[in-house]
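Residue numbers (the numbering used here): 538 to 1005. Single-structure report; data block below.
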Amino acid sequence: MSWMSFLHNTSGDAILDQKNERWVSYPELYQQTCAWVDYLKDNNIGPDDRVAYLAQNSLEHLLLLFACAKIGAIFVPLNFRAPEEENNRLLKRVEPKIFITDIPNVEKRNDYDFRVVNEELPHLMLFTSGSTGTPKGVLLSGKMLKSNQRGTVENWGLKSDDVSVIETPFFHTGAYNVLCLPLLSIGAKIILAPKFSVDNFFEISDILTVYFGVPTMFEMIQADQRFSKLAASPLRFLISGGAPCSVKLIKAYQSLGLNFKQGYGLTEVGPNCFLLDEEFSVSKVGSIGKPMPHSEVLLINDKGEVVTSMGEVGEIVLKGDHLCSGFYRDPEKFESCLINGYYKTGDLAYFDDDGFYFIKGRKKEMYISGGENVYPREVEELLNSFEEIESTQIVAVPDDKWGEVGFAFLRMRNELTKEDIENRLKTNLARYKHPKYMDFIDDFPLLANGKIDKKALQSKAIRSLNAI
538 MSWMSFLHNT
548 SGDAILDQKN
558 ERWVSYPELY
568 QQTCAWVDYL
578 KDNNIGPDDR
588 VAYLAQNSLE
598 HLLLLFACAK
608 IGAIFVPLNF
618 RAPEEENNRL
628 LKRVEPKIFI
638 TDIPNVEKRN
648 DYDFRVVNEE
658 LPHLMLFTSG
668 STGTPKGVLL
678 SGKMLKSNQR
688 GTVENWGLKS
698 DDVSVIETPF
708 FHTGAYNVLC
718 LPLLSIGAKI
728 ILAPKFSVDN
738 FFEISDILTV
748 YFGVPTMFEM
758 IQADQRFSKL
768 AASPLRFLIS
778 GGAPCSVKLI
788 KAYQSLGLNF
798 KQGYGLTEVG
808 PNCFLLDEEF
818 SVSKVGSIGK
828 PMPHSEVLLI
838 NDKGEVVTSM
848 GEVGEIVLKG
858 DHLCSGFYRD
868 PEKFESCLIN
878 GYYKTGDLAY
888 FDDDGFYFIK
898 GRKKEMYISG
908 GENVYPREVE
918 ELLNSFEEIE
928 STQIVAVPDD
938 KWGEVGFAFL
948 RMRNELTKED
958 IENRLKTNLA
968 RYKHPKYMDF
978 IDDFPLLANG
988 KIDKKALQSK
998 AIRSLNAI
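Written out as structure tokens, the structure reads:
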């Protein structure tokens, strides 16, 4: 069923638009989508044309997506937090037929039939965060979006009476594909917030049944004096993504009767490819869970061979209808990311004897020190287990003797000297894995999607060493 048909035939409230302080029903979404179809057609927008939009989270992020899908155009939401020059560079690459910044007055003149557009066509273009290079324009087809919706609804147990809030920005996959489109596809309710704020979360927490955030957001909520209020909330479960949750954070929420679902995904294959259910959040801490049924998963080694042994590290490769259509105007780059039809994620992982997968780190972040492979994530998790340390990030820096060594940035909860940290590491970790340098930091630089900006940390580390 197309979105137009679904919106037309579904009753009840759909979206609480906090910007305009009113609920919008499913039939109203259909009417407003028709108005946008008329507007785009009046501006000669047709199949494969790009429609760029720059704004904070808004109802139009969904209306324009649905309208573009009906026409066959490609919706391109831009990063409203990015510098003007950065967006100008992206606009030159995308060459949109129309660039919308201010919402025009649009009026519905026509009803539109419910014929399904070609689901193989790209409906949405999202740019990767660009933390390791130039952002890629990832093309998401109707088939890909629907595969993600079905897999999420079925495997996460979403219900038509669920209510959630979308606070992550719509220029990233998490806003559309973690909960928003899956919930709307079953007639549930969504609250659209312009951005995340702890105050807004607590104001609406008494009606939320499911909630998605990154660990940083959950830490901010936990630190608030109203945290205990959540014990009486209707929340069925929490979803964390972007980075692993610490045991300390998981147990803090469990003390209020709240449990986490965790998983794994990325823009190119959708955010919901693995699932770690609530019952395993502590016993399998650090795991991304098991592959969802709609996702074909393998681990491959550097020779391109399939990893079959428990505990052996390999790169996660994925295949299925949830794979993106390609990269905008860069088919060669996309082909280089495929192996026998599987998408190479760049993430290294292993599985245990129960079939649970664990991330070792990014392939590009692994470094070689004195001929030995070092996975920063392994060291970060150990350091984060120290009660005095709130969070850790490790990057590789050049070293004349060892080739590369680790530089650890530590956000502390209580005082602990570098000597104390080193002494504890000696009894828990091989010496070559120890970070050679440590620096205490108040806050980590963040990307727009809430993930920690490793590239900025590496630049900071290099500057620190050059100043010595």
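Just so it is clear, CB atoms sit at the ideal spot from N, CA and C, and this is done for glycine as well.
The Cβ-Cβ distance between Ile958 and Met975 falls below 9 Å. A direct Cα-to-Cα measurement between Thr882 and Val854 gives close to 6 Å.
Following the DSSP letters along the chain, one finds Ile552 in no alpha helix (DSSP H) but inside the beta strand (DSSP E) bounded by residues Asp550 to Asp554.
Looking at Lys973, Thr929 and Phe977, the one whose alpha-carbon comes closest to that of Glu952 is Phe977. Taking 9 Å as the cut-off, the beta carbon of Ser701 is found closer than this to the beta carbon of Leu716.
When C-alpha distances from Asp936 are compared across Thr929, Leu553 and Tyr904, the shortest belongs to Tyr904. A straight-line Cα-Cα distance of about 35 Å links Thr845 and Ala712. Taking 9 Å as the cut-off, the Cβ atoms of Pro781 and Gln799 count as close. Contact between the stretch 822-830 and the stretch 685-698 is established, with three or more Cβ pairs separated by less than 8 Å. Note that the C-beta distance between Pro731 and Gln593 is below 9 Å.
When only Cα atoms are considered, Lys900 and Val911 end up about 11 Å apart.
Classified as buried, Val675 has 16 or more neighbouring CB atoms from the shown chains inside 10 Å of its CB. In the DSSP assignment, no residue is bridged to Arg961.
Asp579 carries a helical assignment under DSSP once its states are collapsed to helix, strand and coil.
For Arg1000, the secondary structure class from DSSP, reduced to helix, strand or coil, is helix. When the Cα atoms are used, Asp814 and Tyr894 turn out to be separated by approximately 13 Å.
If you look at Arg914, you'll find it in the alpha helix (DSSP H) that goes Pro913 to Asn921. The beta carbons of Tyr887 and Val850 sit closer together than 9 Å. For Gly688, no beta strand (DSSP E) run applies; the uninterrupted alpha helix (DSSP H) run containing it begins and ends at Gly679 to Trp693, by DSSP. Closest in C-alpha terms to Glu656, from the list Thr570, Ile741 and Asp585, comes Asp585. Note: Glu956 is not bridge-paired with any residue in the DSSP secondary-structure output. According to the DSSP secondary-structure assignment, Tyr748 is paired through a beta bridge with Leu775.
When the Cα atoms are used, Ser996 and Val934 turn out to be separated by approximately 10 Å.
Between the C-alpha atoms of Trp560 and Val654 there is a straight-line separation of about 28 Å. Between Leu919 and Leu966, the C-beta spacing is below 9 Å. Taking Ile703 as reference, the option from Asn692, Leu661, Pro719 and Gly549 with the minimal CA-CA separation is Pro719.
Annotation for Val932: the continuous beta strand (DSSP E) segment containing it runs Ile926 to Asp936.
Checking the DSSP bridge columns, you'll see Val843 partnered with Ile837.
The Cβ-Cβ distance between Phe817 and Tyr801 does not fall below 9 Å.
Under a 10 Å Cβ-count criterion, Met662 is classified as buried, with 16 or more other Cβ atoms of the shown protein chains found around its own Cβ. Secondary structure note for Gln593: it is in no beta strand (DSSP E), with a DSSP letter that is neither H nor E. If you draw a straight line from the Cα of Met754 to the Cα of Asn737, it is about 12 Å long.
A residue is called buried once 16 or more other Cβ atoms fall within 10 Å of its Cβ, and Thr964, having fewer, is exposed. Within the same chain, Cβ atoms closer than 6 Å to the Cβ of Leu553 are found at Trp560 and Ile728, the five residues on either side in sequence being excluded.
Of the residues Cys605, Glu925 and Leu601, the one whose Cα lies closest to the Cα of Gly583 is Cys605. Proximity of the stretch 620-627 to the stretch 572-582 falls short of the contact definition, fewer than three beta-carbon pairs being nearer than 8 Å.
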